[in-house]
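The opening position of the sequence shown corresponds to residue 21 in the working numbering, with each subsequent residue numbered one higher. All C-beta atoms in this analysis are idealised placements derived from N, C-alpha and C, irrespective of residue type, glycine included. Below: the structure, in structure tokens.
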Amino acid sequence: MEINLNLNGRAVSASVRPDTLLLDFLRDQGCYSVKRGCETSNCGACTVLLDGRPVLSCSVLAARADGRTVQTLEGLQREAEAFVTYIADQGAEQCGFCNPGFVVNTIALLRENPDPTDQEIRTFLAGNLCRCSGYEGQLRGIRAYLDSRKGGKA
Ligand code: FES
Ligand code: FES
């Protein structure tokens, strides 16, 4: 079947099988930030924005993207740049595999709630698993970014 969508700001038309996963479609389109982790909706590594809302692309059919807007980390660089260095500064990036999904979901959080509490950050990002860290570095990084923004530095 033929699908037409806006992918990271560009119009894309493609032929997909009815059972093609959005994850596979996006990687075929060169969006390698979209990681294949658990493929069972448990790790968050494949998170992308579908019409601005975070979805797990391993559990969405590419056909569902027809007529819609999809953003991957490749198309969210400007929003990501605002805070990723704060996370890196806390040593939260180790192997980096979880990072794209984590960053995309953080963007969704900050769009929805620009000034979240620590508990709200933990709750929103609970579906993004990291095998390397204890999550405290990511939390400290987001907190440092939010604090700097309040101080007018970000
Ligand atoms: S690969 Fe999609 S949630 Fe893990
Ligand atoms: S930094 Fe390795 S899985 Fe998160």
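Q.
Counting beta carbon pairs with one atom in the stretch 32 to 47 and one in the stretch 73 to 87, are three or more of them shorter than 8 Å?
A. yes
Q: Count the C-beta pairs between the stretch 102 to 113 and the stretch 147 to 158 that are closer than 8 Å, then say yes if the count reaches three, no if not.
A: yes
Q. According to the Cβ coordinates, are Y165 and F103 closer than 7 Å?
A. If you number the sequence shown from 1, residue 165 lands on position 145. If you number the sequence shown from 1, residue 103 lands on position 83. Cβ distance < 7 Å, so Y165 and F103 count as in contact.
Q.
Along the chain, where does the beta strand (DSSP E) containing N24 start, and where does it finish?
A. The count along the sequence shown starts at 1 and reaches residue 24 at position 4. Note, N24: beta strand (DSSP E), E22 to L27.
Q) Quick one: is the Cβ of R97 within less than 6 Å of any heavy atom of ligand 2? A) Residue numbering aside, residue 97 sits at position 77 when the sequence shown is read from its first letter. Going by the sequence as given, residue 97 is Gln instead of Arg. Checking every heavy atom of ligand 2 against the Cβ of Q97, none is found closer than 6 Å.
Q) Is there at least one non-hydrogen atom of ligand 1 closer than 6 Å to the beta-carbon of A146? A) Position 126 of the sequence shown, counting from 1, holds the residue named residue 146. Answer for A146: no, Cβ out of range of ligand 1.
Q: Can you tell me which of C115, G50 and L42 puts its alpha carbon nearest to the alpha carbon of G95?
A: Here residue 95 corresponds to residue number 75 of the sequence shown, with the count starting at 1. The candidate whose alpha carbon is nearest that of G95 is G50.
Q. Who are S33's beta bridge partners in DSSP?
A. Reading the sequence shown from its first residue, position 13 is the one you call residue 33. The partner list for S33 (beta bridge, DSSP) reads N24.
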